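Q:
Protein chains: 2
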Amino acid sequence: MTTLYLVSSGPGAADLVTPRARAAVEAATDLVAYGLYLDLLGEVCDGKTHHDLPLGEEIGRARLALDLAASGKTTALISSGDIGIYAMATLVFELLDLQLQGKENSPQWLAVEIEVVPGVSAMQAGASRIGAMLGHDFCTISLSDLLTPWETIEKRLHACGMGDFVVSFYNPKSKKRDWQINHARDILLQYRPPETPVLLGRQLTRADESITVITLAELDAKDVDMFTLVSVGNSESRHIANGQKEWVYTPRGYSKKL
Amino acid sequence: MTTLYLVSSGPGAADLVTPRARAAVEAATDLVAYGLYLDLLGEVCDGKTHHDLPLGEEIGRARLALDLAASGKTTALISSGDIGIYAMATLVFELLDLQLQGKENSPQWLAVEIEVVPGVSAMQAGASRIGAMLGHDFCTISLSDLLTPWETIEKRLHACGMGDFVVSFYNPKSKKRDWQINHARDILLQYRPPETPVLLGRQLTRADESITVITLAELDAKDVDMFTLVSVGNSESRHIANGQKEWVYTPRGYSKKL
């Protein structure tokens, strides 16, 4: 039985790749991933057969990984961040589920051993770079309405507002989708103050990283692209900036007990 | 200027500790952590001065770490999972914030350089062990009402239900708190089916790990303790168990497009 590793390569920095992820890549003969992710992983990818498909071909990429593993090749399918969070892992299980239901025609997939290797997601990298934004209850919402109806996303934005959750937006914008982030801002403004801190993180933990803290009222699609992590604080999140120190954190309320 | 590293040691397994976390512990002369976490980290802790305080002494532990660093000792404050998620990081920033406001009496803390090292949280470890539970929008809710009023927690449980978020409960139970998890179940049952899959993970990625998948209707405080991760699926999460395979995943909806 061959193994398909579903590998999280983390936010970008080499020293945030877990040893387990590195070992999984090392054990594989075949890698399925964007070229960029392999560049970040470095030498461990040398000598492996590299497979790629154009951006947007997620289903094809998951099939390819399952097919390679089913053909006897130890394979690693690699996503940045955590492969289990808005990434390729769930698609592999969706395909396997369809096969079990007889809706796919690839019984050989079921002989593949699947091993998922978790990793540090973008929201964690962003929070850690400037404090502790995720210090209390939080949620994540993907703003991509390619697969999820906008009504569902809107319902979740309202629920996030009502629950006063810190929220990290994944897929905030793409070339074809530019209005969702401003809609999300407007919904949250119904529930929390305009001065609520918002963290914008780009190319987190990489050489060209940029991190900016703005207010919810200032959040605008023009300052966000598909590589931007957007995390919005809850009504108690604090932005400290006194010229020397800059931190954003969400208190758990210990200070009330002091 | 000395550094206080806020270090995430991950869910437990040594190969899920990032190289950055290991390097931070290596750079420190003084470690502040539960003994158990140091056992999991292994040899890298040898020769360091180890400081500890009884369980529950979180504020004291954060103060101690800041004091040690302010006294010139490179210090690592260590939490399991991600130190930024329901852990010690936010408390350190809360204390620093109070100091900046003149409500603490430790100006020397402000000369300490703080570096947060993110890591793999329990919910990620749990999901990865058996599929991709976090494949779509999710939230986390701490069920501890020691610092957060129960009304706030209840409001978030309803918001989670309304938004149909996958949810991971942190601090689901302690010796003194045993009723919250059943209340949480009852609230979620108002919004999603009784057969919704629930993942119970204990001692995740460690030698005595146990993982069980039950239904939301079956969730009961008697099967949960303070070391248990409880993740509840959304209304579309799938539990596949056919004798040979067992997976839980939350689809993003790709299969609707196939």
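So the protein sequences, as listed, match chains H and C. The opening residue of the first sequence carries number 1 in the numbering used here; numbering runs sequentially from there. The opening residue of the second sequence carries number 1001 in the numbering used here; numbering runs sequentially from there. Glycine included, every Cβ here is placed at the ideal spot set by N, Cα and C. Predicted model only: the values in this text are computed from it and were never measured.
Find the residues of chain H that neighbour C/Gln-1124, judging by a C-beta separation of less than 7 Å, and give them in chain order.
A: Position 124 of the second sequence, counting from 1, holds the residue named residue 1124 of chain C. By Cβ distance, chain H contributes Asp-82, Gly-84, Pro-118.
Q: Is it buried or exposed for H/Phe-93, if we count other Cβ within 10 angstroms and need 16 for buried?
A: Position 93 of the first sequence holds residue 93 of chain H. Buried is the call here.
Q: Beta-carbon within less than 6 Å of C/Ile-1214's beta-carbon, same chain only, minus the 5 sequence neighbours each way: which residues are those?
A: Here residue 1214 of chain C corresponds to residue number 214 of the second sequence, with the count starting at 1. Excluding sequence neighbours, C/Ile-1214 sits near Val-1198.
Q: Flag this pair as touching only if the segment 1118-1130 of chain C and the segment 80-93 of chain H have three or more C-beta atom pairs under 8 Å; answer yes or no.
A: yes
Q: By Cβ distance, which residues of its chain are closer than 8 Å to H/Phe-227, with the 5 residues on each side in sequence left out?
A: Start at 1 with the first residue of the first sequence, and residue 227 of chain H comes out as number 227. Counting only Cβ-Cβ distances below 8 Å, and skipping sequence neighbours, we find Arg-202, Gln-203.
Q: Could you name the residues of chain H that C/Ala-1184 contacts, counting a contact when the two beta carbons are closer than 8 Å?
A: In the second sequence, residue 1184 of chain C corresponds to position 184, counting from 1. Under the 8 Å cutoff, chain H gives no residues; its nearest Cβ is about 12 Å from C/Ala-1184.
Q: Cutting at 8 Å between CB atoms, please list the residues of its own chain near C/Asp-1046, excluding the five before and the five after it.
A: Sequence index remark: in the second sequence, residue 1046 of chain C carries index 46 (1-based). Closer than 8 Å at the Cβ level, and outside the excluded window around C/Asp-1046, lies no residue.
Q: With a 10 Å radius around its C-beta and 16 neighbouring C-beta atoms as the bar for buried, classify H/Ala-28 as buried or exposed.
A: The residue labelled residue 28 of chain H in the question sits at position 28 within the first sequence. H/Ala-28 is buried by the Cβ-count criterion.
Q: Residues of chain C with CB under 8 Å from H/Ile-181, in chain order?
A: Along the first sequence, read from residue 1 onward, the residue named residue 181 of chain H stands at position 181. The contacting residues do not exist; H/Ile-181 stays about 15 Å from chain C at best.
Q: Jot down the residue ranges of each uninterrupted beta strand (DSSP E) in the segment 1116-1200 of chain C, minimum 3 residues, whole runs only, in chain order.
A: Here the runs fully enclosed are 1138-1142, 1166-1170.
Q: Would you tell me roughly how many angstroms separate the C-alpha atoms of H/Leu-38 and H/Ser-79, rounded to the nearest one?
A: For this step, residue 38 of chain H is matched to residue 38 along the first sequence. For this step, residue 79 of chain H is matched to residue 79 along the first sequence. In a straight line, the C-alpha of H/Leu-38 is about 10 Å away from that of H/Ser-79.
Q: According to the Cβ coordinates, are C/Val-1120 and C/Leu-1006 closer than 7 Å?
A: As a first step, residue 1120 of chain C must be located in the second sequence, where it is residue number 120. As a first step, residue 1006 of chain C must be located in the second sequence, where it is residue number 6. No, the pair does not count as a contact, with Cβ atoms beyond the cut-off.
Q: Quick check on C/Gly-1102: buried or exposed, where buried means 16 or more other Cβ atoms within 10 Å of its Cβ?
A: Working through the second sequence from its first residue, we reach residue 1102 of chain C at position 102. Of the other Cβ atoms in all chains shown, fewer than 16 fall within 10 Å of the Cβ of C/Gly-1102; this residue is therefore exposed.
Q: Can you list, in chain order, the residues of its chain with a C-beta nearer than 8 Å to that of C/Ala-1060? Leave out the 5 residues immediately preceding and following it.
A: Translated into positions along the second sequence, residue 1060 of chain C becomes position 60. For the sequence presented, residue 1060 of chain C should be read as Gly rather than Ala. Sequence-distant Cβ neighbours of C/Gly-1060 in its own chain, meaning closer than 8 Å and more than five residues away, are Leu-1053.
Q: According to DSSP, what are the bridge partners of C/Pro-1030?
A: Position 30 of the second sequence, counted from the first residue, corresponds to residue 1030 of chain C. The sequence shown places Asp at residue 1030 of chain C, not Pro. C/Asp-1030 is bridged to C/Thr-1049, C/Thr-1075.
Q: Would you kindly work out how many angstroms separate the C-alpha atoms of C/Thr-1074 and C/Thr-1003, rounded to a whole number?
A: Residue 1074 of chain C sits at position 74 when you count from the first residue of the second sequence. Residue 1003 of chain C sits at position 3 when you count from the first residue of the second sequence. Rounded to whole angstroms, C/Thr-1074 and C/Thr-1003 show a C-alpha spacing of 5 Å.
Q: Checking the sheet assignment: what are the DSSP bridge partners for C/Ile-1114?
A: Counting from one through the second sequence, the residue named residue 1114 of chain C turns up at place 114. DSSP lists C/Leu-1004 as partners of C/Ile-1114.
Q: Which of the three DSSP states, helix, strand or coil, is assigned to C/Ile-1059?
A: Residue numbering aside, residue 1059 of chain C sits at position 59 when the second sequence is read from its first letter. Three-state DSSP puts C/Ile-1059 in a helix.
Q: Taking C-beta to C-beta, are H/Val-224 and H/Val-167 nearer than 7 Å?
A: Residue mapping note: residue 224 of chain H aligns to position 224 of the first sequence, counting from 1. Residue mapping note: residue 167 of chain H aligns to position 167 of the first sequence, counting from 1. Between H/Val-224 and H/Val-167, the C-beta gap is not smaller than 7 Å, which leaves the two residues out of contact.
Q: Check whether the Cβ atoms of C/Pro-1118 and C/Ser-1008 lie closer than 7 Å to each other.
A: Along the second sequence, read from residue 1 onward, the residue named residue 1118 of chain C stands at position 118. Along the second sequence, read from residue 1 onward, the residue named residue 1008 of chain C stands at position 8. Cβ atoms of C/Pro-1118 and C/Ser-1008: closer than 7 Å.
Q: Any residues in the segment 1144-1156 of chain C with a beta carbon nearer than 7 Å to a beta carbon of chain H? Which ones, in chain order?
A: For the segment 1144-1156 of chain C, the set of residues with a beta-carbon nearer than 7 Å to any beta-carbon of chain H comprises Leu-1147, Thr-1148, Lys-1155, Arg-1156, in chain order.
Q: Taking just the CA atoms, how far does H/Asn-182 sit from H/Ala-217?
A: Along the first sequence, read from residue 1 onward, the residue named residue 217 of chain H stands at position 217. Along the first sequence, read from residue 1 onward, the residue named residue 182 of chain H stands at position 182. Between H/Ala-217 and H/Asn-182, the C-alpha separation is close to 10 Å.
Q: Tell me, please, which residues DSSP counts as bridged to C/Thr-1228.
A: By one-based count along the second sequence, residue 1228 of chain C stands at place 228. In the DSSP output, where bridge partners are listed per residue, C/Thr-1228 has C/Arg-1202.
Q: So C/Ala-1159 and C/Thr-1250 are in contact, right, with Cβ under 8 Å, and what is the actual spacing, rounded?
A: For the purposes of this step, residue 1159 of chain C is identified with residue 159 of the second sequence, where counting begins at 1. For the purposes of this step, residue 1250 of chain C is identified with residue 250 of the second sequence, where counting begins at 1. The pair is not a contact, with the Cβ atoms about 18 Å apart (cut-off 8 Å).
Q: Give a yes or no on whether 7 Å exceeds the smallest Cβ distance from C/Arg-1020 to chain H.
A: As a first step, residue 1020 of chain C must be located in the second sequence, where it is residue number 20. Output row for C/Arg-1020: interface = yes.
Q: What did DSSP end up calling C/Glu-1246 once you bin it into helix, strand or coil?
A: Mapped onto the second sequence, residue 1246 of chain C falls at position 246. Looking at C/Glu-1246 - three-state DSSP - the assignment turns out to be strand.
Q: Flag C/Leu-1064 as yes if its beta-carbon sits less than 7 Å from any beta-carbon of chain H, otherwise no.
A: Taking the first residue of the second sequence as 1, we reach residue 1064 of chain C at position 64. So, not an interface residue.
Q: Answer yes or no: do C/Ser-1235 and C/Asp-1164 have a C-beta to C-beta separation smaller than 7 Å?
A: Position 235 of the second sequence, counted from the start, is the residue given in the question as residue 1235 of chain C. Position 164 of the second sequence, counted from the start, is the residue given in the question as residue 1164 of chain C. Yes.
Q: What does C/Phe-1138 reach in chain H if we use C-beta pairs closer than 7 Å?
A: Working through the second sequence from its first residue, we reach residue 1138 of chain C at position 138. Those are Cys-139, Thr-140, listed as they occur along chain H.
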